[in-house]
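Going down the list, the protein sequences come from chains A and B. The opening residue of the first sequence carries number 15 in my numbering; numbering runs sequentially from there. The opening residue of the second sequence carries number 18 in my numbering; numbering runs sequentially from there. A virtual CB, placed ideally from N, CA and C, is assigned to each residue, including glycine.
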Amino acid sequence: MTSIAEQHEVHAVQHGPPPPPRGWRRLLYPGLLRAAWMAPLFFGIGSGIVVLCRWWGSWHPIWFGEVIILVGALIAAPIGFLAGIGAFDYWVRYSIGAPTRPEDHSGHGAYSWRDYFRVNTDHKVIGIQYLTTTIFFFLAGGLLAMLVRAELAKPGMQFFDNQTYNGLFSVHASLMIFLFVIPAFAGIANFVVPLMLGAPDMAFPRLNALSYWLLPIAGIMMLSSFLVPGGAFASGWTGYAPLSVHQPLGTIFFNMGVQWAGASSIMTALNFLVTIITMRAPGMTFWRMPLLVWANFTTSLLVVIATPFIAGSQFFVMFDRIMHTHFFDTAAGGYPLGYQHIFWFYSHPAVYIMMLPGFGIASEVISAMSRKPIFGYRLMALSLMAILVLGFSVWAHHMFVSGMAPWLRVPMMITTLMIAVPTGIKVFSWLATIWEGKINFSTPMLWAVGFISMFVIGGLSGIYLGAVPIDIHVSDTYFVVAHIHYVLFGGSLFTIFAGIYYWFPKMTGRMYDERLGKLHFWLTFVGFNLTFFPMHLIGTQGMPRRVSDYAPTFAHWNLFISVASFALGASTIVFLYNMVTSMRRGPVAEANPWRSLTLEWQVSSPPPIFNFDEIPQVVGNPYEYGVPGARHAVLNGDRAATEVQPR
Amino acid sequence: MRRGSIVQLIVIGVLAGAVASAVALIPDWLPHSASREAGRIDFVFWFVTGICIFVFSIVAAVSVMAVWKFRAKPDDDSDCPPIHGHTGLEIAWTAVPALLVTAIAIVSAIVLAKDDAAGANPLRVDVFAQQFFWSYSYPGYGNKRSDVLRLPVNRSVVLRMTAKDVIHSFWVPEFRQKQDLVPGIHPTLHITPNKVGTYRLICTELCGLGHALMRSRVIVMQPDAFETWARKKGP
């Protein structure tokens, strides 16, 4: 019998990556070089088709900039880029009958930094690609937020005109949501979930690579909308019709950017679902899965069910704009509230898409760092499912003042408030897990406990927003801005940081600097609260959101918030410095620095190229801290590494 | 759990509750109330605030205690006694929040029903919004037009909303009432002003370039002064 590792090694040797050719043939080799000429080529083809069609139909003008940008730059060029970088090579070869390499694992592993800039099918490499890309967009989105706060430091207009200001907060929110929080969780899960399941990779490694490469396309699209005439899309990340239909050109960059990012999430979610359902190691029943896996399972269900709705809503806006359809044009029988219903049918579940993976990370960190089993494991998993189901029945709570059918408000209020119950179960269970534990307050644990406290505040302000009469007063004010930042910053971002610090030794094989990690936490924690807590107050007192100018009564608080937000922004420098220096020169990490029981910690740091030398056998629950003799899994990695086995 | 730690837990809980109450009571969280609806909405606000302070105190007490008391000693590598759950506790923290949110839902639904009902002999006003200004018309007074919303005190008002281009939103913080104005549909809003004065009227739905400047004023007047103004020709 041969071990998996040996089998893979044989194939890697036999079918290893062909060395890049020299000379002009290098232009045909999959990679950024080929992408650099294929993207413009596809842009030309796309624009050519538009011009030909318009010429054939005698539509004037034949050269119509907006449609050429849409078809050529936002649809065809990205496809050319993907084809050039090699995302489709295998499928194209297969479909035209050219020889494929069915056991080709040449795309696995990273041996130099260049391997991160090519289509790589290794879930661990893709996880790192996801995380570095999303952190880049996190920084971009954060800088936009700093510009927003600079403008708001004083009443009146300081630095920007209104259109630019509206563009700043719209792109800030879109980047943070679509290019940071959602894919950052997908990145962590990409690295961790197959390891936790005892699987050698994701179920569809090529699809996994494709879903990653869609992301930079979406992000660059949204950022580059600042460069087009008329400026960036400026109707908020919600892009309500009919306003968004009549905005300058930048809007279609949002409409299409959402499509690429959405396609990426759907593909990843399908991949996670198939991986979790079919690739669990022997003995890994659903009730033995770590809660991070449960969280990504429920999140993926939310993604595949909900994401097509936002894709639809953005297509409708684009059709109204470019094809002169009338989805939201009341003069021709359109219905503007239709946009909001479709949009929120995705975007409310999206809140859980942005939170449930964080719940999973918090559960992993809290249990390992408290040296106690998760309190009420099954109820924790079931409450995830309850949030999933209830999450689809609450979308109209974003529309209590929208003018929708009034009878909808009370039922939607009831389902909204009911979500507090499974969420409360989770919070209380984490606290019970910490209770009487032996807590190691390392950096990931600080973020996880910080997350609980901030998320409780965000949850409680959510109760105010769920109660219709209060919501009528505070909806579209800074109270909402405060609430979403307590949930998405204090909630999602804190757990992303917890996850990054927790798995940093596993991902890089090196340890981060604990002192800098703690400094990063405390700066962020204090800066975050000073920035966002006062927003509750100015909101209830009467400051609307999404304004570049405001009444002088709010001047003091806004100056205070702006100064605090700059300190908050500066705390990110500590994080970046810690990550970069630790990755290069940090002390070498042990395989299991947290003495954790889940499977990813039972292999080396970083894990071997195919994760496990032999498929592990799962024999127990993942959080049996303190149970004498309990084991989660049995591995024979050591034997496989030392003994030469007969073929 | 020892008796000493229960006492400590309660002390921390009371302290957390006191801090939260101070945060709730010291700043002026809500603008002056100038309508009957505002009074009811404020009641819901303080009702929810009370429940939130209660929940916050419990969570704060438990987490502060945990962070303070249950640190691992530097050389202690052992695990804790494995506690996997406690059915009674789990039922309690499912049932109690369910009851609390049910109470909030009932109070909210009652207040909403009251706020939605117009009083006797309501004054009807048509509200028009377009990028980026407000205008008003009084159908009961020969469609008299105005750029400022003038209302009589202590009389129920039904505002019928019309948006001419994109979605706007009508909000007077002192009235606590808010309603989006959507092209193609005409939602209504009920307000019963009960304090004479001038208030800010704010557009709260992003409506384009001039959104931040789309403001207007509401002037609540004595009924006879309002009648005199409304019957006068011109603005």
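| query | result |
| --- | --- |
| Within 8 Å of any Cβ in chain A, is that where the Cβ of LYS195 (chain B) sits? | yes |
| Express the C-alpha separation of ASN285 (chain A) and SER610 (chain A) in angstroms, rounding to a whole number. | 26 Å |
| Please compile the residues from chain B whose C-beta is within a distance smaller than 8 Å of the C-beta of GLN177 (chain A). | LEU226 |
| Going by alpha carbons, who is nearest to VAL403 (chain A) out of A:ALA275, A:ILE324, A:LEU306 and A:VAL317? | A:VAL317 |
| Report the neighbours of ASP334 (chain A) on chain B: residues whose CB is nearer than 7 Å to its CB, in chain order. | The contacting residues do not exist; ASP334 (chain A) stays about 13 Å from chain B at best. |
| When the Cα of THR205 (chain B) is compared with those of B:ARG57, B:MET238, B:LEU176 and B:VAL79, which residue comes out closest? | B:LEU176 |
| Would you report the Cα separation of TRP517 (chain A) and ALA115 (chain B), rounded to the nearest angstrom? | 36 Å |
| Secondary structure at TRP77 (chain A), three-state DSSP: helix, strand or coil? | coil |
| Hey, is TYR366 (chain A)'s beta-carbon within less than 8 Å of any beta-carbon in chain B? | no |
| I want to check one thing, is the minimum distance from the CB of GLU378 (chain A) to the heavy atoms of the ligand HEM below 7 Å? | In terms of ligand content, the structure shown is empty, and the ligand HEM therefore cannot be addressed. |
| Alpha carbon to alpha carbon, how far is LEU229 (chain A) from THR111 (chain B)? | 39 Å |
| Can you say whether ILE110 (chain A) is buried or exposed, counting buried as having 16 or more other CB atoms within 10 angstroms of its CB? | exposed |
| Shorter than 8 Å from the beta carbon of GLY102 (chain B) to some beta carbon of chain A? | yes |
| Is the segment 375-384 of chain A touching the segment 442-462 of chain A, taking contact as three or more C-beta pairs under 8 Å? | yes |
| Assign PHE243 (chain B) to buried or exposed, taking buried as 16 or more other Cβ atoms, counted over all protein chains shown, within 10 Å of its Cβ. | buried |
| What's the gap between the Cα of THR447 (chain A) and the Cα of LEU166 (chain A)? | 42 Å |
| Taking the straight line between their C-alpha atoms, what separation do you get for LEU129 (chain B) and GLN177 (chain A)? | 37 Å |
| CB-CB under 8 Å to MET160 (chain A), same chain, minus the five flanking residues each way: which ones, in chain order? | SER579, PHE580 and GLY583 |
| How would you label ALA223 (chain A), buried or exposed, when you count the other beta carbons within 10 angstroms and need 16 or more for buried? | buried |
| Can you tell me where the alpha helix (DSSP H) with LYS86 (chain B) in it begins and where it stops? | 53-86 |
| Give me the Cβ distance between TYR155 (chain B) and ALA247 (chain B), rounded to the nearest whole Å; I'm assuming they're in contact under 8 Å. | 6 Å |
| Buried or exposed: where does PRO660 (chain A) fall if 16 or more other Cβ atoms within 10 Å of its Cβ makes it buried? | Interpretation of PRO660 (chain A) is limited by its pLDDT of 42, a score under 50 that renders its predicted location unreliable; no figure is taken from the coordinates. |
| CB-CB under 8 Å to ALA91 (chain A), same chain, minus the five flanking residues each way: which ones, in chain order? | ALA53, PRO54, PHE56, PHE57 and GLY60 |
| Considering only residues of the segment 348-413 of chain A, which uninterrupted alpha helix (DSSP H) runs meet the minimum length of 4 residues and lie entirely inside it, listed in chain order? | 350-367, 370-384 and 391-405 |
| So ILE428 (chain A) contacts chain B; which residues on that side make the cut at Cβ distance below 7 Å? | ALA122 |
| For ALA647 (chain A), does the three-state DSSP call read helix, strand or coil? | strand |
| Please name the residues in the segment 144-170 of chain B whose beta-carbon is closer than 7 Å to at least one beta-carbon of chain A, in chain order. | none |
| Could you name the residues of the same chain whose beta carbon sits closer than 7 Å to that of VAL658 (chain A), not counting the 5 residues immediately before and after it, in chain order? | No answer about VAL658 (chain A) holds up, because its pLDDT of 41 lies below 50 and its placement is not dependable. |
| Give the DSSP bridge partners of MET178 (chain B), in chain order. | B:VAL144 |
| State the DSSP-derived secondary structure class of ILE8 (chain A), mapped to helix, strand or coil. | In the structure as shown, chain A starts at 15 and stops at 661, and residue 8 (chain A) therefore has no counterpart that could be examined. |
| Can you tell me whether DSSP reads VAL658 (chain A) as helix, strand or coil? | Note that VAL658 (chain A) scores a pLDDT of 41, beneath 50, so its modelled location is shaky and nothing firm can be said. |
| Comparing C-alpha positions only, which one of A:HIS186, A:MET394, A:TRP409 and A:VAL424 sits nearest to THR437 (chain A)? | A:MET394 |
| Quick one: what does DSSP say ILE88 (chain A) is sitting in, helix, strand or coil? | For clarity, residue 88 (chain A) is Leu in the given sequence; the question names Ile instead. Reduced to three states, the DSSP call for LEU88 (chain A) is helix. |
| Should VAL470 (chain A) be labelled buried (16 or more other beta-carbon atoms within 10 Å of its own) or exposed? | buried |
| State the Cα-Cα distance for the pair ARG48 (chain A) and PRO113 (chain A), rounded to the nearest angstrom. | 21 Å |
| What runs of the alpha helix (DSSP H), each 4 residues or longer, lie entirely inside the segment 269-349 of chain A? | 305-336 |
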